[in-house]
Amino acid sequence: MGVAIPRRYLDLGDLAIARGVDPLKFTLGLGAREMAIADPSEDTVSLAAEAGRRALAAARLEPSKLGMLVVGTETGVDHSKPVSSYVHGLLELPRAMRVYDTQHACYGGTAGLWAAVEWIASGAAAGRAALVICSDIARYGLATAGEPTQGAGAVAMVIAENPAMLAIDVGISGASSTHVHDFWRPLGHRVAEVDGHYSVQCYLDALAGAYRGWKERARAAGLLHTATLASEQLARVCYHVPFCKMAKKAHVQVRRCDLDDARTLWDVAGEEASAAAAFRGQVEPSLVACSRIGNIYTGSLYLALAGLLDRDAARLRGQRVGLFSYGSGCTSEFFSGSVGPRVVERVRALDLAGVLAARERIDFGEYERIMALNVPAGGGNQSPRPGSFAFTGVEDHRRQYARSSS
Ligand code: COA
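Under our numbering, think of the first position of the sequence shown as 91, with each following residue one higher.
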């Protein structure tokens, strides 16, 4: 895995004070501490390319071993030319490979992940690996309810046979989809339209369907026994995290499904305390990075996974974790995987703490200034940080990027 985030962040305490909101609403109510703020040089492409470069370096993979590059995004930069084609060029990847984007709100990256996993499992990859990158910039209107749930970043994953970090349980997943207007971004709009509370309900409804589908297949494959709740047989569960409190609501929903499905274990009085303890043990360890970066749409689930492995790699080796991906609109999938044998070494290369420590805190005034900036048209002058890429402007309708020499 490789993670890339913008170089600046806003502390949500500063946002709360500026907006006249009790800071506890953001910290306790939403579970958020900081949010990443992307300036115009840090777009979906430059973040994706940096994450991809980091993932390839961490896996020590020769680009010639790649047969597929997929970028999942809902903040594409062109109606036709995919983000992946820019990334393919910036990373100087081989010609002989598939390169395309996948889109379905925050589920887009998971669509890419499964395409890669099933390509490898089918044998069609013939020993080649895939690079899957989730990259997005989450923007809501200033002073709206969604404002404290913004963020930006990219997570890249090398998908290969004999996985080092997580072996996905191929064929064991549950999906749930319905046509709803919970969150969308009409063509030409810079910020999303969202029916916030309804989107939370859509997420929870989808989760119940997807989780039950996963349970059915996991049970049929002999991965689950009946002695304890199914969710308690997962060492940890990572959820799509639009804001951290959502993961808490999600885990309560999963336990509710378990208890409904196994009525003999139902204990209404004890459940509140049990759910809180289960959340602390099984989910909270995945939320540290998410609470400091914010929503990164397609990458949020995988940022939770990276954060979890960063913290608990050695302890989790060989254990099964659950993953839930949700894309508004909506589609969703619950799946699982076992933590791989070389996870400790890969987590060291991921260096999530270093990525977070390299950031600069900005004040509310600077945040408002950056949010008001337009995309540079005639060529910008932003230079990339060492080892990264920067969007520098549009020339003759063509987006231009710079890469640092180091
Ligand atoms: N101290 C502690 N907690 C507080 C508080 C305070 N002073 N004030 C409010 N809260 C709590 C509320 O009780 C609520 O908790 P709960 O959800 O457990 O009941 C939480 O903070 C949020 O408050 P709420 O009034 O519901 O917030 P909101 O109306 O401003 O909107 C969202 C919250 C999530 C709907 C909004 O941020 C949004 O639209 N986000 C974008 C869409 C999104 O992320 N959807 C998720 C599914 S994809």
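Built from N, CA and C at the ideal position, the CB exists for glycine as well. Since we're looking at a predicted model, the values are computed, not measured.
- Scanning the segment 312–389 from its first residue to its last, the whole alpha helix (DSSP H) runs of 4-plus residues come out as 334–351, 358–372, 378–383.
- Under the three-state reduction of DSSP output, H269 falls in the coil class, being neither helix nor strand.
- Looking at the DSSP output, I227 sits in a beta bridge with A242.
- Residue environment: K171 is assigned as exposed (fewer than 16 neighbouring CB atoms within 10 Å of its CB, all protein chains considered).
- Counting the other Cβ atoms within 10 Å of the Cβ of D351 gives fewer than 16, which makes it exposed.
- V411 and L324 do touch by the CB rule: their CB atoms are close to 6 Å apart, below 8 Å.
- For T421, the enclosing beta strand (DSSP E) covers residues 421–429.
- Remark: the C-beta of P332 is in contact range of the ligand COA, defined as less than 6 Å to any heavy atom.
- Selection V290, Q291, C380, D348 evaluated against C328 yields C380 as nearest (Cα-Cα).
- Excluding residues up to 5 positions away in sequence, V260 lie with their Cβ nearer than 8 Å to the Cβ of E208 in the same chain.
- Runs of alpha helix (DSSP H) with 4 or more residues, each lying fully within the segment 118–180, are found at 134–149, 173–180, listed in chain order.
- Annotation: L232 is outside any alpha helix (DSSP H) and is labelled neither H nor E by DSSP.
- Counting only residues of its own chain and dropping the five nearest sequence neighbours on each side, I460 has a CB closer than 7 Å to the CB of I127, D129.
- For D104, the closest C-alpha among the options E458, S418, S376 is that of E458.
- Assigned with DSSP and collapsed to three states, I95 falls in coil, not helix or strand.
- Judged by DSSP secondary structure, S415 falls within the beta strand (DSSP E) whose first and last residues are 410–417.
- Here I452 is buried. Its C-beta has 16 or more other C-beta atoms within 10 Å.
- If you check the CB distance, L221 and L159 come in under 7 Å.
- Around L442, the same chain offers V93, A379, A396, G397, D400 as residues with beta carbons nearer than 7 Å, after the five sequence neighbours per side are excluded.
- Excluding its 5 nearest sequence neighbours in each direction, I262 has C-beta neighbours in its own chain below 8 Å: W304, R307, A308, A311, L313, F425, S426, listed in chain order.
- Here DSSP, grouped into helix, strand and coil, assigns S263 to strand.
- Contact between P474 and A492 is confirmed by a C-beta separation of about 6 Å, below the 8 Å threshold.
- Cβ contact annotation for P332 (same chain, cutoff 7 Å, sequence separation greater than five): T239, N385, S390, in chain order.
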